[in-house]
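Chains as they are written, first to last, in the working numbering: chain D, 0 to 419; chain F, 0 to 419.
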């Protein structure tokens with residue numbers, strides 16, 4: 000299997016906005032570029048911000064902020080204007096705003112059932128979104144052509160002066176091999192290459208693991224803002240995790256960290272598609288919930304019905320939720336002992352299961368991990384929902400712009416003409 | 000429980016020796032200090048090095064290296080001399096050597112059974128070592144006074160011009176609380192404070208988790224040199240891990256990461272002292288090996304006998320080793336799916352169990368983790384043995400010196416006079 004090359008975002012998720020460290024002997028020009036990035040990152044994350052706040056938050060002096068803002072305005076990345084309301088006497092501090100309507104990235108996602116493409120503006124707003132079903136049994140590479148079609152379709156309505164700064168694709172590729180085993184291919188470098196080949200011009204695509212990217216999104220704009228040690232659990236057909244430690248994503252030696260769905264939690268449990276037995280996935284997936292509820296395990300649409308029935312007091316459905324929630328808490332407890340995170344975030348299909356069975360999950364977490372590991376633990380339902388992956392992918396795509404704002408401006412628009 | 004404050008070593012374990020990045024607007028003086036640190040770190044890690052090699056390895060020019068070396072010589076941190084053997088014609092490049100005999104750190108460790116104190120010279124040599132038993136039932140704080148006595152005893156034979164640059168203490172404090180549960184206190188800040196209170200002068204002590212520190216040692220000077228994604232497993236009375244991801248230690252939100260001994264691997268297993276059931280420790284500890292071999296589980300001295308008997312073909316002992324090795328592989332497989340490390344290192348008592356049962360461990364790892372996660376995995380027995388913890392603690396203690404060599408030189412010797 001080819002080793003995937005995955006983006007290691009350097010700045011995404013940083014909770015401090017201070018200027019980046021320079022290399023030894025950094026020139027004034029290099030320092031200026033880094034400071035431009037710090038200002039742009041701040042308004043990207045926090046929205047319209049007064050020069051006064053930028054001055055105090057970034058530790059730069061007033062005239063420097065003024066000059067940096069002017070450069071960013073000239074590059075078409077931000078606007079400056081009077082504040083909407085003026086509360087204090089005296090001359091108001093100008094407000095610097097990201098040009099979300101003009102500066103944007105392409106964010107793509109490939110999950111078990113859907114292909115999605117979005118244009119996301121600087122500042123994190125989704126400007127346009129297209130979605131189609133993913134035919135079952137197809138690989139991530141098979142998704143390249145339909146995703147490219149969605150992108151081209153979106154590009155047709157983009158204003159002529161808009162600035163495309165990059166693209167990113169989030170995928171978790173679970174494919175069944177000829178030997179019957181489920182292999183998790185991670186995200187192969189060929190995915191990004193194949194996407195780029197679809198377009199004759201454009202800034203290209205970085206790739207990332209879907210759970211990693213959703214974790215970043217929740218850390219940058221969701222329920223885990225400002226938290227540095229996070230386990231984000233993503234439920235789709237399988238279960239995977241995005242783990243952030245000390246503010247940085249755990250990528251793994253070859254990009255395969257976070258395959259927590261294949262931790263064995265029940266040595267006497269059911270066979271798993273991966274060839275092992277009693278994997279966490281066999282106990283907490285949607286299929287497990289449906290099985291316990293006496294439904295067809297492959298009928299994903301019935302998950303919502305089971306959760307609703309449980310909420311309405313149906314005993315079979317309630318017991319099914321409790322059993323899955325118990326195993327959910329069991330596995331989280333093990334992960335908490337390993338990583339000692341500040342927060343565990345439940346996303347994808349696990350969001351609803353956590354919400355429905357939170358008491359049962361908490362009971363496990365109140366007893367299983369060591370007291371020291373669980374003492375400050377926060378459990379949270381993901382906030383960004385289905386958009387997390389697209390918002391996170393856009394953060395990856397914006398990373399280069401935010402590291403060196405003026406250098407990306409030359410990239411220009413994606414060629415809207417279809418390749419041969 | 001008080002939150003422990005643990006050292007986050009910034010430079011320890013770095014596999015690149017290039018000069019540190021400077022802050023924006025770094026002065027020539029700051030850049031010089033960082034370059035001094037880069038040169039000193041290089042000879043600390045690699046031993047005597049020619050100016051020519053330093054020039055090429057650090058990417059600095061020849062005259063800069065000459066000036067930096069001269070500064071370090073003047074500070075008494077290194078010596079310069081002709082190489083031992085000259086192979087090429089022409090003027091030989093001077094060799095820069097760390098002054099291991101003069102510049103040293105205090106390295107202390109508190110494990111389940113022993114208290115150890117060492118003086119470790121720049122370059123990583125153990126210059127002096129004292130060891131006494133740790134009375135059972137005592138806490139880490141109870142170890143402060145006897146450790147301080149060992150330090151004072153070692154200090155009596157230190158040359159007058161020697162330079163003490165810092166100290167570090169490694170501990171894993173497993174104490175049984177009044178409610179009968181075993182709590183893992185991590186390493187409380189009070190431990191370092193209490194040690195400092197024992198001495199009226201001196202550069203102080205940083206604290207760290209024993210498994211974390213041993214992991215660093217194996218990465219800097221052991222079997223995992225140059226490897227950035229490592230799970231180091233340490234067996235003592237309990238089992239814990241030092242996890243290094245992307246070259247940096249995983250500390251955890253409150254410093255309690257790596258409590259892998261309390262992952263539940265066998266939901267139907269034996270009760271654990273922590274209050275849970277079927278923890279990994281209950282299946283892979285020395286006590287488990289002794290239990291399966293029909294020996295007294297508390298007779299730690301018998302572990303070596305069981306391993307020897309297994310090697311000699313004794314069936315009961317062999318089956319005991321195989322059973323423990325199987326559970327060892329089981330838990331490692333789960334960790335590999337979570338972290339996707341490049342290498343797993345077996346240390347402490349797990350070193351011998353891994354060595355004796357490597358085939359059984361490998362069998363689990365050949366089947367349980369996902370193919371992508373296990374594909375490039377290396378399993379290794381720890382190389383540094385009992386000294387790993389002391390060598391790692393010294394690395395923590397040297398960190399400040401290596402970050403700013405000339406600033407630590409003023410610290411001077413520890414006051415050899417006992418406090419009242």
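Glycine included, each C-beta is placed from N, C-alpha and C at the ideal position.
Apart from the five residues just before and just after residue i, which ones in its own chain have a Cβ nearer than 7 Å to its Cβ?
{"i": "residue 124/D", "result": "99"}
{"i": "residue 119/F", "result": "103, 104, 106, 125, 126, 389, 390 and 393"}
Which of the three DSSP states, helix, strand or coil, is assigned to residue i?
{"i": "residue 384/D", "result": "helix"}
{"i": "residue 55/D", "result": "helix"}
{"i": "residue 242/D", "result": "strand"}
{"i": "residue 393/D", "result": "helix"}
{"i": "residue 164/D", "result": "strand"}
{"i": "residue 364/D", "result": "helix"}
{"i": "residue 402/F", "result": "helix"}
{"i": "residue 377/F", "result": "strand"}
{"i": "residue 346/D", "result": "strand"}
{"i": "residue 248/D", "result": "strand"}
{"i": "residue 170/D", "result": "strand"}
{"i": "residue 145/D", "result": "helix"}
{"i": "residue 23/D", "result": "Its pLDDT being 46, under 50, residue 23/D is placed unreliably by the model, and the measurement read from it follows with that caveat. Note: residue 23/D maps to coil in three-state DSSP."}
{"i": "residue 157/D", "result": "coil"}
{"i": "residue 372/F", "result": "helix"}
Hey, how far is the Cα of residue i from the Cα of residue j?
{"i": "residue 40/D", "j": "residue 325/F", "result": "50 Å"}
{"i": "residue 207/D", "j": "residue 243/D", "result": "14 Å"}
{"i": "residue 343/D", "j": "residue 229/D", "result": "6 Å"}
{"i": "residue 195/F", "j": "residue 205/F", "result": "10 Å"}
{"i": "residue 307/F", "j": "residue 286/F", "result": "16 Å"}
{"i": "residue 109/D", "j": "residue 134/D", "result": "11 Å"}
{"i": "residue 402/D", "j": "residue 28/D", "result": "14 Å"}
{"i": "residue 162/F", "j": "residue 222/F", "result": "30 Å"}
{"i": "residue 111/D", "j": "residue 225/F", "result": "37 Å"}
{"i": "residue 190/D", "j": "residue 385/F", "result": "47 Å"}
{"i": "residue 122/D", "j": "residue 70/D", "result": "18 Å"}
{"i": "residue 374/F", "j": "residue 336/F", "result": "11 Å"}
{"i": "residue 297/D", "j": "residue 153/D", "result": "33 Å"}
{"i": "residue 75/D", "j": "residue 345/D", "result": "38 Å"}
{"i": "residue 200/D", "j": "residue 169/F", "result": "56 Å"}
{"i": "residue 380/D", "j": "residue 354/D", "result": "7 Å"}
{"i": "residue 302/D", "j": "residue 330/D", "result": "21 Å"}
{"i": "residue 420/F", "j": "residue 46/F", "result": "For chain F, the structure presents residues 0 to 419; residue 420/F sits outside this window and is missing."}
Going by CA-CA distance only, name the one from the options that's closest to residue i.
{"i": "residue 269/D", "options": "30/D, 142/D, 301/D and 281/D", "result": "281/D"}
{"i": "residue 218/F", "options": "44/F, 399/F and 67/F", "result": "44/F"}
{"i": "residue 372/D", "options": "57/F, 251/F, 330/F and 337/F", "result": "251/F"}
{"i": "residue 323/D", "options": "62/D, 363/D and 191/D", "result": "363/D"}
{"i": "residue 366/F", "options": "404/D, 381/D, 354/D and 262/D", "result": "262/D"}
{"i": "residue 383/D", "options": "277/D, 213/D, 169/D and 395/D", "result": "213/D"}
{"i": "residue 132/D", "options": "150/D, 398/D and 113/D", "result": "113/D"}
{"i": "residue 300/F", "options": "236/F, 245/F and 274/F", "result": "236/F"}
{"i": "residue 265/D", "options": "245/D, 327/D and 296/D", "result": "327/D"}
{"i": "residue 347/F", "options": "144/F, 240/F, 142/F and 376/F", "result": "240/F"}
{"i": "residue 396/F", "options": "26/F, 84/F, 117/F and 75/F", "result": "117/F"}
{"i": "residue 334/F", "options": "165/F, 159/F, 368/F and 311/F", "result": "368/F"}
{"i": "residue 247/F", "options": "275/F, 277/F and 215/F", "result": "215/F"}
{"i": "residue 34/D", "options": "274/D, 331/D and 66/D", "result": "66/D"}
Leaving aside the five residues before and after residue i along the sequence, list all residues of the same chain whose C-beta is less than 8 Å from its C-beta, in chain order.
{"i": "residue 305/F", "result": "288, 289, 292, 294, 316, 319 and 320"}
{"i": "residue 238/F", "result": "232, 259, 260, 279, 280, 283, 284 and 349"}
{"i": "residue 357/F", "result": "324 and 378"}
{"i": "residue 64/D", "result": "38, 50, 53, 54 and 57"}
{"i": "residue 68/F", "result": "38, 50, 53, 77, 79, 93 and 95"}
With a CB to CB cut of under 6 Å and the five nearest residues on each side skipped, what residues in its chain are close to residue i?
{"i": "residue 82/F", "result": "91 and 94"}
{"i": "residue 340/D", "result": "228, 229 and 230"}
{"i": "residue 62/F", "result": "none"}
{"i": "residue 249/F", "result": "242 and 256"}
{"i": "residue 32/F", "result": "403"}
{"i": "residue 147/D", "result": "197"}
If we require 4 or more residues per run, which alpha helix (DSSP H) segments fall completely within the segment 261 to 344 of chain F? Restricted to the segment 261 to 344 of chain F, the alpha helix (DSSP H) segments that are unbroken, complete and at least 4 residues in length are 279 to 283, 285 to 291, 301 to 310 and 314 to 338, listed in chain order.
Along the chain, which unbroken stretches of the beta strand (DSSP E) at least 3 residues long are found entirely within the segment 187 to 239 of chain D? Within the segment 187 to 239 of chain D, the beta strand (DSSP E) runs of at least 3 residues that lie entirely inside it are, in chain order, 204 to 208 and 229 to 234.
Identify every run of the beta strand (DSSP E) within the segment 48 to 131 of chain F, keeping only runs that are complete inside it and at least 3 residues long; order them along the chain. Fully enclosed beta strand (DSSP E) runs of 3 or longer: 77 to 80, 94 to 97, 102 to 109 and 113 to 120.
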